[in-house]
Every structure is written in C-alpha cells, then in structure tokens.
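Using the working numbering, read the sequence shown as starting at 30 and increasing by one per residue.
Where a beta carbon is used, it is the ideal one built from N, C-alpha and C, also for glycine.
Each remark here refers to the structure printed beneath this line.
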Amino acid sequence: MNLLDIPAGLWAEKFRELGEPPYRGRQTAHWVFRKGVTDPQAMTNLPPSTRTRLEEEEMLGIPSLESAHISVDGTQKLALRLADSPVIESVLIPRKGRMTLCLSTQAGCGIGCRFCRTAAMGLIRNLSPSEILGQWIQAMRHLGGSGEPSTDRLLIDHIVFMGMGEPLANLDALVVAIRSLTHPEGIGLSPRRITVSTSGLVPKMRLLGEANLGVQLAVSLCAPDDLLRREIMPVGRIYSIAEILEACREFPLKNRERVTFEYVLLGGKNDRPEQARALGRLLAPFRSKVNLIPFNPFPGSPFERPEGDVVQVFADILSGFHITATIRKSMGPDVLAACGQLARENIPAAGSEYREETVS
Ligand code: SF4
Numbered sequence: 030m031n032l033l034d035i036p037a038g039l040w041a042e043k044f045r046e047l048g049e050p051p052y053r054g055r056q057t058a059h060w061v062f063r064k065g066v067t068d069p070q071a072m073t074n075l076p077p078s079t080r081t082r083l084e085e086e087e088m089l090g091i092p093s094l095e096s097a098h099i100s101v102d103g104t105q106k107l108a109l110r111l112a113d114s115p116v117i118e119s120v121l122i123p124r125k126g127r128m129t130l131c132l133s134t135q136a137g138c139g140i141g142c143r144f145c146r147t148a149a150m151g152l153i154r155n156l157s158p159s160e161i162l163g164q165w166i167q168a169m170r171h172l173g174g175s176g177e178p179s180t181d182r183l184l185i186d187h188i189v190f191m192g193m194g195e196p197l198a199n200l201d202a203l204v205v206a207i208r209s210l211t212h213p214e215g216i217g218l219s220p221r222r223i224t225v226s227t228s229g230l231v232p233k234m235r236l237l238g239e240a241n242l243g244v245q246l247a248v249s250l251c252a253p254d255d256l257l258r259r260e261i262m263p264v265g266r267i268y269s270i271a272e273i274l275e276a277c278r279e280f281p282l283k284n285r286e287r288v289t290f291e292y293v294l295l296g297g298k299n300d301r302p303e304q305a306r307a308l309g310r311l312l313a314p315f316r317s318k319v320n321l322i323p324f325n326p327f328p329g330s331p332f333e334r335p336e337g338d339v340v341q342v343f344a345d346i347l348s349g350f351h352i353t354a355t356i357r358k359s360m361g362p363d364v365l366a367a368c369g370q371l372a373r374e375n376i377p378a379a380g381s382e383y384r385e386e387t388v389s
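This is the structure in structure tokens:
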C-alpha cells in the first residue's frame, strides 16, 4: 500500500486502521507534502517503530528524478522514472512571478491528437495518484535544492494537468491527486490554481464536474467544425463540438470563472481568418476564453508553425466577437518542453543516473 494513493485528508484515519495514533498520519503527511520528504528515517518526530514500518512496507514510494533539461527561457523539463521502467515528464514554467507545474497523468497517451508528440508513444499505462503527486514532490525538491523547501510559501503556485496523457482518461487517480493537492493536510493549494485540460471526453467532463473539486477546466478544441476537428483530433469522431460545449455549460464554475478553450494553430490548416470567424460565432454566446497556441514543431511532425502575423490576426478576429483571446508564449521549445512536445522512448533503467543539462 502506498499512502500517496489515498487522499491526504484520510491519512489520519488510515493510521488509526494501522494501529498507529491518527496524529502520526498528519505528521507524516506534513513531511511528505509540505517538506517533500519521503524517506521515513528523515521524519524525526516519528517514533523509530513507525519509521521502520513506513520504510519496510514501502508506503511512500514516488518516481525517481532522472534528469532535468533547462531551457534558455528558464523552463525546466523533468524526466521521472516509474518503478516499472517507463519515463514520464513534468515541466516547470516560471512566468510573471508564478511557478506553474505541468503534470502528466499517463505514461504516453491513447488519444492520438495529430499535433502532439506524446501521441506517437501510444498509451503505456495510467499513473497512480502517488506517481502524479510524486512529480510535484520531485519538482519541489528540485527547486528547493535541499529537499526541504520552505513551508511558508509554496515554491510552485499553479498546477496544470497538460503533460503526458489525457487526464480524464485516468479520472479516479486524478481526483485523488487533486484532493491531496488541495486539502489543508496535503499541499493546501487553492483549487482555483489548478487547471485540468481535456481533449473533450464528454462523460468524464460531467463526472469531473460532479466531483465538485473547484478546479478550472480547459478543453482542446483546435477546430471550429467537427469535420476538421475529426481530422486533427480523432477523438472528435466520438464526441461532437456541440456535445462538448453542452458539457462545458454544465461544468460548475464560480461567478467570474470561464472555461478555457485551447486552440493549437496549425499553419495553413486551421489558422485562416474564416476559421477564426467560425470559431468566434461558435463561442460568442458562451462564457469562455480562448488560448491560442502556435504549433510547436517536433521531429517528424506533420504540421507547420503559423507564419507571420497569422496568430495575431486570428486573435484580433476573436476579439471582434468579444472573446478574450490570449496567445500562449511557447515555453521551453529548445528542450522539447513546450505544449505537445512531451514524449520519451521507453529507455531501460539500468545504468541511468540523474543528470542536469542547461541549453544555452
Ligand atoms: S494533446 Fe493531450 S490528449 Fe492529445 S494526444 Fe497529446 S497528451 Fe494525449
């Protein structure tokens, strides 16, 4: 049993079941979630018998940090090795005084979006909550240097589930991880600072809404009509844009919150002015904002990056429909850490060791 697979708010109860005082569960959670410590022997306020038990029963396992690639813009791509060998990636994005962590929810992905490098891996498997939260712990340690980041201020203040995988295809683990991220006995992050991105799995969008976690929702739309969307995102053959918009309407958001629609702009494919107008007409009646993401090419990718001022023209047309359109600055493309660029070969673990590389 891995404690990290249980929501942080239930650790005290779990310790009671294990015959330990419940407050030991809270103490352990504090070490793990606030200090980033998962070595039981370092948990100095636990009695030796509890430490030994946590250690011998391997209750606090997380993926190991294998490498960090640092982009010229400060973005850091972390590669983490899972216990059964696959490697996943997380990305730390420093921007405008914020530190955002982009988390993976699956090793690989089975959705097959044609603009995404992860799609070429196929789905290897879902991640467990401990593997999702382990990315956060390793990122905190990496930033803190010592493994003991300050508890006064979280070094990471925003989380986006936009790494490898379709988060809603691993909904159960995602929900447990979010409960630990937001619970005061876990990481204690405001749910408003957490964004879950989906390719538009309509039934799972409804289940996420029913879980009432208070998180933000982002949907990859990438086309103004179903015909084009099916070509770019095969998942469009299962769920139509109309069904997706209906599920977005039902998603529980607070007064001023809006669903974000992500639109990867593919040169000559979905970036024309008439397509911007069609998107504007589609979304104008809707409480939304649009995040335009100029395509980030990767080796062998079938699309081009939009040319010249195409992106700005597209944004201006949407603004004409009173839609807030932001253009996402590409972060970390030199280390293949930008949106849609995450992918790893399933390299054998033998002989691997942590390394850090800076691109300059
Ligand atoms: S964009 Fe997301 S859902 Fe689509 S293939 Fe890539 S990882 Fe999967």
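- The beta carbon of Ala313 sits closer than 6 Å to the beta carbons of Phe350 from its chain, once the five residues preceding and following it are set aside; these are given in chain order.
- With 5 Å as the limit, the residues whose C-beta approaches a heavy atom of the ligand SF4 more closely than that are Cys138, Ile140, Cys142, Cys145, Thr147, Ala148, Glu195, Ser228, in chain order.
- Here the C-alpha atom of Leu109 lies approximately 8 Å from the C-alpha atom of Ser119.
- Straight across, the Cα-Cα distance linking Leu184 with Thr353 is about 29 Å.
- One alpha carbon belongs to Leu89, the other to Ser159, and they sit about 8 Å apart.
- The three-state secondary structure of Cys142, taken from DSSP, is coil.
- Ranked by how close their Cα comes to the Cα of Pro323, the residues Leu83, Ile216, Lys298, Arg266 have Lys298 in first place.
- Within the region 235-303, the runs of beta strand (DSSP E) that reach at least 3 residues and sit entirely inside it are, in chain order, 245-249, 288-294.
- In the three-state DSSP reduction, Asn199 falls in the helix class (H, G or I).
- Leu107 is bridged by DSSP to Ala97, Ser119.
- For Gly38, the closest C-alpha among the options Val205, Val189, Leu111, Glu46 is that of Val205.
- In the assembly as shown, Leu294 is a buried residue. Its beta-carbon has 16 or more other beta-carbons within 10 Å.
- Here Ser317 carries a strand assignment [DSSP, helix/strand/coil].
- DSSP places Ala206 within a helical segment (H, G or I) once states are collapsed to three.
- Check the Cα spacing between Leu274 and each of Ser249, Glu260, Pro263, Glu286: the tightest is with Ser249.
- Here Thr353 carries a strand assignment [DSSP, helix/strand/coil].
- Look at Ala305 here: in three-state DSSP terms it is helix.
- Around the beta carbon of Tyr52, fewer than 16 other beta carbons sit within 10 angstroms, so the residue counts as exposed.
- Taking a contact to require three or more Cβ pairs closer than 8 Å, the region 224-238 and the region 192-202 qualify as touching.
- His187 has its alpha-carbon roughly 20 Å from the corresponding atom of His98.
- Three or more Cβ pairs closer than 8 Å define a contact, and the region 267-284 meets that threshold against the region 243-258.
- Where Phe44 is concerned, the enclosing alpha helix (DSSP H) starts and stops at 40-46.
- Between the region 133-149 and the region 259-276 there are three or more inter-stretch CB-CB distances shorter than 8 Å, so the stretches are counted as touching.
- Straight across, the Cα-Cα distance linking Thr355 with Asn241 is about 27 Å.
- Contact between Leu83 and Pro69 holds: CB atoms are separated by about 4 Å, below the 8 Å threshold.
- For Ser159, the enclosing alpha helix (DSSP H) has its first and last residue at 158-173.
- DSSP, read as helix, strand or coil, puts Pro50 in coil.
- DSSP, reduced to helix, strand and coil, places Met191 outside both helices and strands of the structure shown, so it counts as coil.
- With contacts defined as CB atoms closer than 8 Å, Ala168 and Leu121 qualify as a contacting pair.
- Note that the C-beta distance between Leu75 and Gln56 is below 8 Å.
- Around the Cβ of Met150, a 10 Å sphere holds 16 or more other Cβ atoms; the residue is buried.
- With distances taken between CA atoms, Thr224 lies nearest to Leu132 out of Leu152, Ser96, Leu132.
- By alpha-carbon distance to Glu272, the top candidate from Tyr292, Pro232, Ala252 is Pro232.
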